[in-house]
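Participant: Structure in C-alpha cells, see below.
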C-alpha cells in the first residue's frame, strides 16, 4: 500500500467513523481516536463486503458500499460505547 492509499484510508475512516457515530442515538462515551479507528476498520471491512456482494464498483457514487461502511461503523461505535459503560 502506498502512502497516498494510507492517507486516503485515514481520511475515509474519519468520515465513516463520524457518520457512524451520528447514526447511533444518544451520547457515546468513546474518544475521537477510537471513532477514527472504528471508521477505518469499518471502511476496510465494508469495502471487502461490498466487493463480495459485487456492489463495490458501480457507475457514479457507490451508495451501497457507503451504507455498508456506515452501518458497520455504527455497530462498532455502539459496541465500544457499551463496553465502556460496563467498566
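In full-length UniProt numbering, the protein residues as written are 1 to 87. Idealized CB from N, CA, C, for every residue including glycine.
1) Can the beta-carbon of residue 42 be found closer than 7 Å to that of residue 76?
2) Just verifying my parser: in three-state terms, what is the DSSP assignment at residue 56?
3) Report the three-state DSSP secondary structure of residue 61 (helix, strand or coil).
4) From residue 46 to residue 39, what does the alpha carbon distance come to, in whole angstroms?
5) Determine the direct distance from the alpha carbon of residue 49 to that of residue 68, and round the result to whole angstroms.
6) Using beta-carbon positions only, say whether residue 20 and residue 56 come within less than 7 Å of one another.
7) Is residue 35 buried or exposed, if buried means 16 or more other CB atoms sit within 10 Å of its CB?
8) Could you check whether residue 30 and residue 62 sit closer than 7 Å to each other, using their CB atoms as the reference points?
Facilitator: Reading from the atomic positions:
1) Contact: yes.
2) In this structure, DSSP gives residue 56 a state outside helix and strand, which the three-state scheme calls coil.
3) Annotated three-state conformation of residue 61 is coil, per DSSP.
4) Cα-Cα distance, rounded: 10 Å.
5) Rounded to the nearest angstrom, the gap between the Cα atoms of residue 68 and residue 49 is 8 Å.
6) The answer is no: Cβ separation not under 7 Å.
7) Residue burial annotation: residue 35 is buried, with at least 16 other C-beta atoms found within 10 angstroms of its C-beta.
8) Result no, Cβ atoms of residue 62 and residue 30 do not sit closer than 7 Å.
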